[in-house]
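S.K.: Pasting in a structure now, in structure tokens, and then I'll have a few things to ask.
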Amino acid sequence: MREKWARRIALLTGLLVLLLAVTFSFTQNPAKRPDVTDSREQTLPANQTESFYLDPKHIEAGLQVYKQQSCARCHSIAGQGNPRNSLDGVGTRRTASELRDWIIGADALQGELPGYASKLKQVYRELPGDDLDALVIYMQSLRQ
Amino acid sequence: MKTILSVTFWISIYLILILAPLAVLKFGEVPSGSGFWWDLSMALGFSAMAMMGVQFLLTARFRRASAPFGIDIIYYFHRYLALIAVGLIFLHYLIIRINSADALGTLNPLHAPAYMTAGRVSFVLFAMLIISSLWRKQLHIHYDEWRLLHIVMAMTGFILALGHIEGVGYYIDAPAKRWLWTGYTLFWLWLIVYLRLIKPWRMRNKSYQVVEVHKEHGNSWTLALEPDGHKGLSFKPGQFAWLTLRHSPWHIKEHPFSFSSSAVAQGRLEFTIKELGDFTRTIKNIQVGETAYVDGPYGVFSVDQYPDATGFVLIAGGVGAAPIISMLRTLADRREHRPLWFIYSNNNWQDVIFREELEVLKERLDLRLVHVLNEPAPDWKGESGFVTQQLLQKVLPDDVQNYEYFLCGPKPMSETVQQGLRDLKVPLAQIHFELFDMV
Chain A
138 MREKWARRIA LLTGLLVLLL AVTFSFTQNP AKRPDVTDSR EQTLPANQTE
188 SFYLDPKHIE AGLQVYKQQS CARCHSIAGQ GNPRNSLDGV GTRRTASELR
238 DWIIGADALQ GELPGYASKL KQVYRELPGD DLDALVIYMQ SLRQ
Chain B
316 MKTILSVTFW ISIYLILILA PLAVLKFGEV PSGSGFWWDL SMALGFSAMA
366 MMGVQFLLTA RFRRASAPFG IDIIYYFHRY LALIAVGLIF LHYLIIRINS
416 ADALGTLNPL HAPAYMTAGR VSFVLFAMLI ISSLWRKQLH IHYDEWRLLH
466 IVMAMTGFIL ALGHIEGVGY YIDAPAKRWL WTGYTLFWLW LIVYLRLIKP
516 WRMRNKSYQV VEVHKEHGNS WTLALEPDGH KGLSFKPGQF AWLTLRHSPW
566 HIKEHPFSFS SSAVAQGRLE FTIKELGDFT RTIKNIQVGE TAYVDGPYGV
616 FSVDQYPDAT GFVLIAGGVG AAPIISMLRT LADRREHRPL WFIYSNNNWQ
666 DVIFREELEV LKERLDLRLV HVLNEPAPDW KGESGFVTQQ LLQKVLPDDV
716 QNYEYFLCGP KPMSETVQQG LRDLKVPLAQ IHFELFDMV
């Protein structure tokens, strides 16, 4: 009898925890207002993104590097991966050298990149040159 | 009404403790959301982590923590909340698996980042905790080993989960938030250090000596201890303590037993223990002069919790009589006037522990004693069978609502009796139950 009540109350508590977690998530994700833009969504001026040729073999190699390094842990592309840092269209927003800086957490980005992220990215400085190049090309292929 | 308020109060405290980390995440600079499902998964992970922390608190043996509920309720919560917490961890994983599986990365611990492996191992440990606890006997895990395993797996799982959260770095980039979250989790770990290192250290100078080991009816033994060079402890009749025999207080080799002696007797402590399990079968080998450690008293299963009660109805089966006899002996020493009933169920007359003393106690107290034998000899003139609602109705006074009921016995008996008392309209808040065989 007492066990039955303890079970019921524990279940109720569990449901309340679930409900409050859902509420937390709701409040963190209010419906987006259509007129809000942030600086990262501005595309590069046309003369910096005009069609240059990206070798499909390099794009494919870059994609493999992306997978091997499990970039999806922190980034998402086309809805796959961590939605906190979407890379959709990043090829139209950043130049190749900017992309390289962002991947390796270059010192030049000190203000823009949070400290813990910068620390995490240091490890990508160890990537073989070819891999890093391919990854940049893959990023460039992500166009809006 | 009071019970409902009390329950609501304690559930609210519990929810505040669980959701505090999530509230902390909302302080200061709040980054934009990552999508409903992702954030929900994270929120569930944090909540489950907090629940695991509170699990340590639930079983941490604070003298006052069990006060509004009996120890049995606290342990039931510990068990059911463990299941729910592990379920939430699984949901945390499942949402990401369905929503954006790429974010999980490889399972291979050689290639996966340490914090992902930590999270996975942590989940496995918590699942093993549950399996080893629910099915301890079927898996033939000795009680002492089970306790040690439980503590080690819980602590390891908890620390690994902390590493997982640190590694993922969700929302805890601001130093203030990080310290709040870390401090919160370190508190739970400090509890372990206190219980497992500091407390035994304090106890090591407060040992007891075994002064008597005598055989009782019903395959039971009474162990009497006296404090060795200190004034011992005082307890309320019906309470219990954790007893360590033949080991230092640091060994996870304690076993909970109810005091069976009178609470009025200073210093001397008695425990009446039936040969039922791994440890209790060794009691008969204990020698006078051996050292023991006693961590207690604990529990709210005591007539002293209800000083204003008009009378008490005590119901026991087998060795469940131990806390009951403590209450009766104490009440007799205090020259108690209030009416008492003791319904005592056993298999047969030979098994009835304390049967001679109960006759004497009848003279010293206003006590109505009803023996119930499950399998009596043919010449038995008293009640037979089990303690059913009919028997309760026959034996109890008409004004059932006026008394406090104390129940201690094997599970099937206690379920029937609780149901029977409820059917007789005894308020649930007046029925108190001591749990002997939890795991």
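Chains as they are written, first to last, in the numbering used here: chain A, 138 to 281; chain B, 316 to 754. From the three backbone atoms N, C-alpha and C, an ideal C-beta is built for every residue, glycine too. Please read all numbers here as calculations on a predicted model, not as lab measurements.
#1: Return yes when the Cβ of B/I567 is within less than 9 Å of the Cβ of B/V634, no when it is not.
#2: A/E197 to A/P167, Cα distance in whole Å?
#3: So, is A/G244 buried or exposed, given that buried needs 16 or more other C-beta atoms within 10 angstroms?
#4: B/N661 to B/I466, Cα distance in whole Å?
#5: Within the 9 Å Cβ cut-off, does A/T174 reach chain B?
#6: Would you mind telling me which residues of chain A sit closer than 8 Å to B/Q733, beta carbon to beta carbon, in chain order?
#7: Kindly indicate which three-state DSSP category B/C723 falls into: helix, strand or coil?
#8: So which of B/R737, B/Q665, B/K696, B/R462 has the shortest CA-CA distance to B/S447?
#9: Keeping to the same chain, check which residues put their C-beta closer than 7 Å to that of A/A233; ignore five residues upstream and five downstream.
#10: Is the CB of A/W142 under 9 Å away from at least one CB in chain B?
#11: What does B/F572 pair with, by DSSP beta-bridge criteria?
#12: Could you name the residues of the stretch 320-339 of chain B whose beta carbon sits closer than 8 Å to any beta carbon of chain A, in the order they occur along the chain?
#13: Quick one: residues in its chain with C-beta nearer than 7 Å to the C-beta of B/Y458, no 5 flanking neighbours on either side, listed in chain order?
#14: Kindly indicate if chain B contains any beta-carbon less than 9 Å away from that of A/Y253.
#15: Which partner residues of B/V525 appear in the DSSP bridge assignment?
#16: Indicate whether B/L444 and B/A476 have their beta-carbon atoms separated by less than 9 Å.
#17: For a contact meaning CB atoms closer than 7 Å, what does B/G348 contact in chain A?
#18: Just confirm the distance between the C-beta atoms of B/V618 and B/P712, as a whole number of angstroms; I'd bet it's less than 8 Å.
#19: Can you find a C-beta in chain A that's less than 9 Å from the C-beta of B/T421?
#20: When the Cα atoms are used, what is the spatial distance from B/F550 to B/A442?
#21: Counting only C-beta atoms, is B/G635 closer than 9 Å to chain A at any point?
#22: Please give the ranges of any beta strand (DSSP E) in the stretch 675-752 of chain B, keeping only runs that are unbroken, at least 3 residues long and fully inside the region.
#23: Starting from A/T160, follow the beta strand (DSSP E) in both directions and report where the run begins and ends.
#24: In chain B, which residues lie with their C-beta within 7 Å of the C-beta of A/G151?
#25: For B/L406 and B/S356, what's the separation of their Cα atoms in angstroms?
#26: Can a CB atom of chain B be found closer than 9 Å to the CB of A/L246?
#27: Using a threshold of 9 Å, state whether the C-beta atoms of A/G242 and A/S255 are closer than that.
#28: Does the Cβ of A/R221 have 16 or more other Cβ atoms within 10 Å, making it buried, or fewer, making it exposed?
#29: Taking 9 Å as the threshold (beta carbon to beta carbon), is B/F555 in contact with chain A?
#30: Where do the N-terminal and C-terminal ends of the alpha helix (DSSP H) with B/P612 fall, by residue?
#31: Along the chain, where does the beta strand (DSSP E) containing B/T587 start, and where does it finish?
#32: If distances are taken between C-alpha atoms only, which option among B/V687, B/T559, B/L643, B/A400 comes closest to B/S576?
#33: Under 9 Å between the Cβ atoms of B/V702 and B/I658?
#34: Taking all protein chains shown into account, decide if B/D354 is buried (16 or more other Cβ within 10 angstroms of its Cβ) or exposed.
#35: Could you name the residues of the same chain whose beta carbon sits closer than 7 Å to that of B/Y499, not counting the 5 residues immediately before and after it, in chain order?
#36: By Cβ distance below 8 Å, which residues in the same chain neighbour B/L787 in space, the five residues on each side in sequence not counted?
M.R.: The structure says:
#1: no
#2: 36 Å
#3: What sits at residue 244 of chain A in the sequence shown is Asp, not Gly. Exposed, because fewer than 16 other Cβ atoms sit within 10 Å of the Cβ of A/D244.
#4: 36 Å
#5: Reliability of the predicted coordinates at A/T174 is poor, the pLDDT of 42 falling under 50, and no value is obtained from them.
#6: M138, R139
#7: strand
#8: B/R462
#9: V273, Q277
#10: yes
#11: B/A556
#12: V322, I326, Y329, L330, I333, L334, L337
#13: G592, D593, F594
#14: yes
#15: B/L540
#16: no
#17: Q165, N166
#18: B/V618 to B/P712, Cβ: 17 Å. No contact.
#19: yes
#20: 37 Å
#21: no
#22: 682-688, 719-723, 746-749
#23: First-last for A/T160: 139-165, but that is the alpha helix (DSSP H), not the beta strand (DSSP E).
#24: I399
#25: 7 Å
#26: no
#27: yes
#28: buried
#29: no
#30: No alpha helix (DSSP H) holds B/P612; the beta strand (DSSP E) holding it covers 606-613.
#31: 584-589
#32: B/L643
#33: yes
#34: buried
#35: A335, P336
#36: The requested residue 787 of chain B is not part of the displayed model; chain B covers only 316 to 754.
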